[in-house]
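Quick notes on the structure that follows.
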Amino acid sequence: MPKFSLFPESASTIAGQVDALFFFMIAVSAFFGLLIAGLIVFLSIRYRRRAGSNEAGDPVHVPIALEAAWTVIPLAITMVMFYWGASVYMTMARPPDDAHEIFVVGKQWMWKLQHLEGRREINELHVPVGQPIKLTMTSEDVIHSFYVPAFRIKSDVVPGRYSTAWFEATQVGTYHLFCAEYCGTEHSQMIGSVIVMDPSDFQTWLSGTDADAGMAASSPKDTGQQLFTQKGCATCHRGVSGSMGPALAGVFGRERTFADGSKAVADEAYLRQSILSPQAHVVAGYQPVMPTFQGQIDEEGMLALIQYIKSLPAETSPGPEKQG
Ligand code: CUA
Numbered sequence: 017m018p019k020f021s022l023f024p025e026s027a028s029t030i031a032g033q034v035d036a037l038f039f040f041m042i043a044v045s046a047f048f049g050l051l052i053a054g055l056i057v058f059l060s061i062r063y064r065r066r067a068g069s070n071e072a073g074d075p076v077h078v079p080i081a082l083e084a085a086w087t088v089i090p091l092a093i094t095m096v097m098f099y100w101g102a103s104v105y106m107t108m109a110r111p112p113d114d115a116h117e118i119f120v121v122g123k124q125w126m127w128k129l130q131h132l133e134g135r136r137e138i139n140e141l142h143v144p145v146g147q148p149i150k151l152t153m154t155s156e157d158v159i160h161s162f163y164v165p166a167f168r169i170k171s172d173v174v175p176g177r178y179s180t181a182w183f184e185a186t187q188v189g190t191y192h193l194f195c196a197e198y199c200g201t202e203h204s205q206m207i208g209s210v211i212v213m214d215p216s217d218f219q220t221w222l223s224g225t226d227a228d229a230g231m232a233a234s235s236p237k238d239t240g241q242q243l244f245t246q247k248g249c250a251t252c253h254r255g256v257s258g259s260m261g262p263a264l265a266g267v268f269g270r271e272r273t274f275a276d277g278s279k280a281v282a283d284e285a286y287l288r289q290s291i292l293s294p295q296a297h298v299v300a301g302y303q304p305v306m307p308t309f310q311g312q313i314d315e316e317g318m319l320a321l322i323q324y325i326k327s328l329p330a331e332t333s334p335g336p337e338k339q340g
């Protein structure tokens, strides 16, 4: 039985900021809550109806300065909460560029995690201490929520789209991982641990083998490359002039212009949509001829395929590339 504590330990760089904001809001709420409750009790005794009298209160004229004060002060306090909260939120919403990426797929009722180097885990996540980690997450079925109290991160994991979260662990140790969104019968069993290791121990672990596979697993990039060949993507996306589809080399992170004149940056969500619903955005200069791959690639395969497309270097396209 672990020792009981009212407050989770804090083991990430963001934890202190979240706690400071939380305690500030608790302090403000407690101060005003107690003040108002105290005044209600005090005033109802002080101005109680006394036997034999039938007093009606005099109309009260509040000085404008007092009225302004009780409007402006609460406004200022809530604005402090708003800006402080928004700034912590923005910090949590934007993973640093040097973050180590890990894929997370939630399903009833387990967490599947994959490192770019190839290692896969179920309900366990090994990470190095002192290194920002970005999680790219999706679900195979219903909505789950990835929650690590010690890191103060909680993010919904939604089918059909990618959500991201990031953290940088500050202490070696093992921390609880919960599903924080009711997702069916065994929701309460959808738990695991995050194991924070020394960077050198982590490297050793990373180069190890999967216990279940008994051999080093292939990286998402390699799996993605296999899928790219298997599904025939290369037939149309070869990157030579006259191809049926636009070249994919270097496409990640670039702005695309579509047949209807609209534009979007090619990120994970865009690539995913282009594979599942190719007609949603047809790149200018091409025909809407691509079939959907809906139901043919599972979520892990999708992440792998996207990882492969991300890895294609920009300079490999021979011939004049069409606008896109
Ligand atoms: Cu998954 Cu609750």
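Using my numbering, you'd call the opening residue of the sequence shown number 17 and step up by one each time. Note that the Cβ used here is the ideal one computed from N, Cα and C, for glycine as well. Predicted model, so just to flag it, every value in this text is computed and none were measured.
For residue j and residue i, the rounded distance between their alpha carbons
{"i": "D157", "j": "R272", "result": "30 Å"}
{"i": "A348", "j": "E25", "result": "An answer regarding residue 348 cannot be provided, because it is not within the stretch 17 to 340 covered by the chain."}
{"i": "G277", "j": "A300", "result": "8 Å"}
{"i": "S259", "j": "C249", "result": "12 Å"}
{"i": "S234", "j": "G266", "result": "23 Å"}
{"i": "M108", "j": "I149", "result": "12 Å"}
{"i": "I325", "j": "Q241", "result": "8 Å"}
{"i": "I56", "j": "P90", "result": "19 Å"}
{"i": "Y286", "j": "A280", "result": "8 Å"}
{"i": "E71", "j": "R62", "result": "14 Å"}
{"i": "K338", "j": "Y178", "result": "Any reading at K338 must be qualified, since the residue scores a pLDDT of 43, below 50, and its modelled position is unreliable; no value is offered."}
{"i": "G224", "j": "K237", "result": "18 Å"}
{"i": "A53", "j": "L59", "result": "10 Å"}
Enclosing alpha helix (DSSP H) for residue i [first to last residue]
{"i": "Q246", "result": "236–246"}
C-beta atoms of residue i and residue j nearer than 9 Å
{"i": "V173", "j": "G122", "result": "yes"}
{"i": "W182", "j": "L151", "result": "yes"}
{"i": "A275", "j": "V298", "result": "yes"}
{"i": "Q13", "j": "A296", "result": "There is simply no residue 13 to check, as the chain begins at 17 and stops at 340 in what is shown."}
{"i": "F119", "j": "Q323", "result": "yes"}
{"i": "S28", "j": "F167", "result": "yes"}
Bridge-paired residues (DSSP) for residue i
{"i": "W182", "result": "K150"}
{"i": "P144", "result": "M213"}
{"i": "Y130", "result": "Here the sequence assigns Gln to residue 130, which means Tyr is not the residue at that position. Per DSSP, F119, R136."}
{"i": "P175", "result": "S155"}
{"i": "A31", "result": "According to DSSP, A31 bridges with nothing at all."}
Endpoints, beta strand (DSSP E) assigned at residue i
{"i": "V96", "result": "V96 -> not in any beta strand (DSSP E); alpha helix (DSSP H) instead, spanning 80–109."}
{"i": "R136", "result": "136–138"}
{"i": "I322", "result": "That residue, I322, is in no beta strand (DSSP E); its alpha helix (DSSP H) goes 315–327."}
{"i": "E271", "result": "271–273"}
{"i": "C195", "result": "189–195"}
Does the stretch 179–198 come close enough to the stretch 44–63 that 3 or more CB-CB pairs lie under 8 Å? Touching, no.
Three-pair Cβ contact test at 8 Å for the stretch 138–145 versus the stretch 211–218: Judged by pairs of C-beta atoms under 8 Å, the stretch 138–145 touches the stretch 211–218, as three or more such pairs exist.
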